[in-house]
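Residue numbers (my numbering), protein chains in the order written: chain G, 268 to 595; chain B, 9 to 178. Let me begin by presenting the structure, written as structure tokens, before commenting on it.
Below you can see the structure in the form of structure tokens.
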């Protein structure tokens, strides 16, 4: 036996001579305090219990029985699906859960809720304007658009609409904390609001989750381009016009809305969808690349390719044309 | 409180605090100092939870925080030294030293190393890290880790001369 072995044995012995304290010992002492979560009041704690499941988490659903006022949702790092969340399969829950997909506009969210709850749309719209009750973060500038986090929400039987909407904001906050929205924005030299606007565009423009970081990068590249370059994206304009088409018409392009990124350079004034976690993450952590354009080369599959120059763009447009013609 | 954040942090502490405590105990040789060390490292970790969680770097960060705190120049060794005196056996081994005695001698000798040396030994012989990994964790050159570990082992041998003997025999 050499000294190294004796040392190994000694250390192994020592490691077990003191029983470790219960984990609670450390949890009491170091209760984590995410920024901005300090005083959110009972209303918001209750609001958290309204949300059944955050979109794209597949997380366990807990605390719905109501004996304790515990957050019902864990937005933890579990398996992440894309697109729609599935409602809980537990009896008595699936039937009341309204699925709010990633990337819906607020107007559509409210319409969905109105339909499922039996409460008139006006009531939901009023609740959405009642911003003092929603617990919005400062960077929301007093508007819910962009912060109605996708997920599955219980709207019937009857929690007040304000409570449901506050639950959405609460999930946004949780996700924002997890992703480090405020610090991430600072690192990128942007405001948290800018990041959310970018995330909302990324959500609208990306046909797959994999494309999101690249779409985000393309937006940043355009914003930072010298000489200045307009975003030239259809989705903000469609939002302003209340349309759902993919391509703006010649008439649409004449719009004087600040959301017309063909006319005005820079970001639109606010979010255009309610983005999910992936899109926010993409806006915070864009891919590396010098892309300035992207083209959906195959409208059938949504396959998208990215280009850094006009020449490359032309090639992609030709490819798209070829595929479209072949497909028709 | 944000649900995800708190749940995740709790899960991490429940799952890992015992292991962290064991390492901390080896580093400090004292129960209270070990608890302090774990607690302080967890507090630093909680403050940066989101980015650490997202990069899968939580455990590494807590441990690095513990190692650094332990070896940092301002941390006093008084507690460790007291323990050393307590544990020093009347007779250090001798010809008939059995394994248990050897370990007792070893503990006493360990307690008299500097925190830096002791930390390196714990990382090398308890955590089974390579010299390269230790160098990276503590932010020193590999050569320095190698020479410090060598010197520490020499000191342990001096403290317990019979160890050199067993080594030659073994």
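For glycine and all other residues, C-beta sits at the position ideal for the given N, C-alpha and C.
Partner residues on chain B for residue i, Cβ-Cβ distance less than 7 Å
i             : result
residue 282/G : 30, 33, 34 and 134
residue 545/G : Ordered by position in chain B, no residue passes the 7 Å Cβ test against residue 545/G, which lies about 13 Å from the chain.
residue 293/G : 21, 25, 46, 47 and 50
residue 285/G : 33 and 39
residue 288/G : 29 and 43
Separation of residue j from residue i, as counted between CA atoms
i             : j             : result
residue 454/G : residue 487/G : 13 Å
residue 213/G : residue 472/G : Residue 213/G is absent from the model: chain G starts at 268 and stops at 595.
residue 66/B  : residue 465/G : 28 Å
residue 20/B  : residue 73/B  : 16 Å
residue 387/G : residue 376/G : 13 Å
residue 15/B  : residue 482/G : 32 Å
residue 137/B : residue 294/G : 28 Å
residue 422/G : residue 499/G : 38 Å
residue 444/G : residue 23/B  : 22 Å
residue 571/G : residue 467/G : 18 Å
residue 118/B : residue 164/B : 7 Å
residue 18/B  : residue 292/G : 11 Å
residue 461/G : residue 60/B  : 23 Å
residue 297/G : residue 156/B : Confidence at residue 297/G is low in this model, with a pLDDT of 44, below 50, so its placement is unreliable and the value that follows should be read with caution. So the alpha carbons of these two residues sit roughly 34 Å apart.
residue 531/G : residue 459/G : 21 Å
residue 374/G : residue 419/G : 17 Å
residue 447/G : residue 58/B  : 6 Å
residue 554/G : residue 479/G : 9 Å
residue 135/B : residue 68/B  : 12 Å
residue 91/B  : residue 440/G : Only weak support is given to the placement of residue 91/B: the predicted model assigns it a pLDDT of 39, under 50, and the value that follows is read from those uncertain coordinates. In a straight line, the C-alpha of residue 91/B is about 48 Å away from that of residue 440/G.
residue 537/G : residue 517/G : 24 Å
residue 146/B : residue 436/G : 42 Å
residue 275/G : residue 116/B : 15 Å
residue 550/G : residue 438/G : 18 Å
Burial state of residue i, where buried means 16 or more other Cβ atoms lie within 10 Å
i             : result
residue 408/G : exposed
residue 318/G : With a pLDDT of 42 at residue 318/G, under the threshold of 50, the modelled position of that residue is not reliable, and the figure given next carries that caveat. So residue 318/G ends up on the buried side.
residue 389/G : exposed
residue 492/G : exposed
residue 63/B  : exposed
residue 40/B  : exposed
residue 289/G : exposed
residue 158/B : exposed
residue 287/G : buried
residue 405/G : exposed
residue 578/G : exposed
residue 125/B : buried
residue 566/G : exposed
residue 162/B : exposed
residue 36/B  : buried
residue 593/G : exposed
residue 77/B  : buried
residue 597/G : Here chain G comprises residues numbered 268 to 595, so residue 597/G is not present and cannot be evaluated.
residue 149/B : exposed
Rounded distance between the beta-carbons of residue j and residue i, thought under 8 Å
i             : j             : result
residue 127/B : residue 75/B  : 6 Å
residue 558/G : residue 484/G : 6 Å
residue 477/G : residue 369/G : That belief does not hold up - the Cβ atoms of residue 477/G and residue 369/G are roughly 15 Å apart, past 8 Å.
residue 417/G : residue 543/G : 5 Å
residue 160/B : residue 131/B : Wrong, their Cβ atoms sit about 12 Å apart, outside the cutoff.
residue 528/G : residue 495/G : No, residue 528/G and residue 495/G are not in contact; Cβ-Cβ is about 12 Å, not under 8 Å.
residue 456/G : residue 490/G : About 11 Å; that fails the 8 Å criterion.
residue 539/G : residue 506/G : 4 Å
residue 70/B  : residue 50/B  : 6 Å
residue 433/G : residue 400/G : 6 Å
residue 114/B : residue 442/G : The pair is not a contact, with the Cβ atoms about 51 Å apart (cut-off 8 Å).
residue 541/G : residue 381/G : That belief does not hold up - the Cβ atoms of residue 541/G and residue 381/G are roughly 16 Å apart, past 8 Å.
residue 153/B : residue 167/B : Not quite, the Cβ-Cβ distance comes to about 21 Å (not below 8 Å), so this is no contact.
Proximal residues of chain G, C-beta to C-beta of residue i below 8 Å
i             : result
residue 130/B : 278
residue 115/B : 277 and 281
Partners in chain B for residue i, counting only beta-carbon separations shorter than 8 Å
i             : result
residue 446/G : 58 and 62
residue 462/G : Residues of chain B passing the Cβ test: none, with the nearest at roughly 14 Å.
Within chain G, partners of residue i - CB distance below 7 Å
i             : result
residue 110/B : 273
residue 18/B  : 294
Proximal residues of chain B, C-beta to C-beta of residue i below 9 Å
i             : result
residue 542/G : The contacting residues do not exist; residue 542/G stays about 17 Å from chain B at best.
Residues that residue i contacts on chain G, provided the C-beta gap is smaller than 9 Å
i             : result
residue 1/B   : In the structure displayed, chain B extends from 9 to 178; residue 1/B sits before or after that span and is not available.
residue 146/B : Under the 9 Å cutoff, chain G gives no residues; its nearest Cβ is about 18 Å from residue 146/B.
Proximity test, residue i beta-carbon vs the ligand ZN heavy atom, cut-off 6 Å
i            : result
residue 56/B : Although the ligand ZN was asked about, the structure shown includes no ligands whatsoever.
Is the segment 578-587 of chain G touching the segment 42-58 of chain B, taking contact as three or more C-beta pairs under 8 Å? Using a Cβ-Cβ distance cut-off of 8 Å, the segment 578-587 of chain G and the segment 42-58 of chain B are not in contact, since fewer than three pairs of beta carbons, one from each stretch, lie closer than that value.
Would the segment 387-399 of chain G and the segment 516-528 of chain G be scored as touching if the rule is three or more Cβ pairs under 8 Å? They do not touch, by the three-pair rule.
Counting pairs of Cβ atoms below 8 Å between the segment 509-519 of chain G and the segment 424-442 of chain G, do you hit three or more? Under the 8 Å Cβ criterion, the segment 509-519 of chain G does not count as touching the segment 424-442 of chain G, having fewer than three qualifying pairs.
Inspect the CB distances between the segment 50-69 of chain B and the segment 108-128 of chain B and report whether three or more fall short of 8 Å. Look at the beta carbons and you see the segment 50-69 of chain B not touching the segment 108-128 of chain B: under three pairs across the two are nearer than 8 Å.
Mind the definition here: the segment 271-282 of chain G touches the segment 19-36 of chain B only if three or more C-beta pairs lie below 8 Å; say whether that holds. Yes, since at least three Cβ pairs between the segment 271-282 of chain G and the segment 19-36 of chain B fall closer than 8 Å, the two stretches touch.
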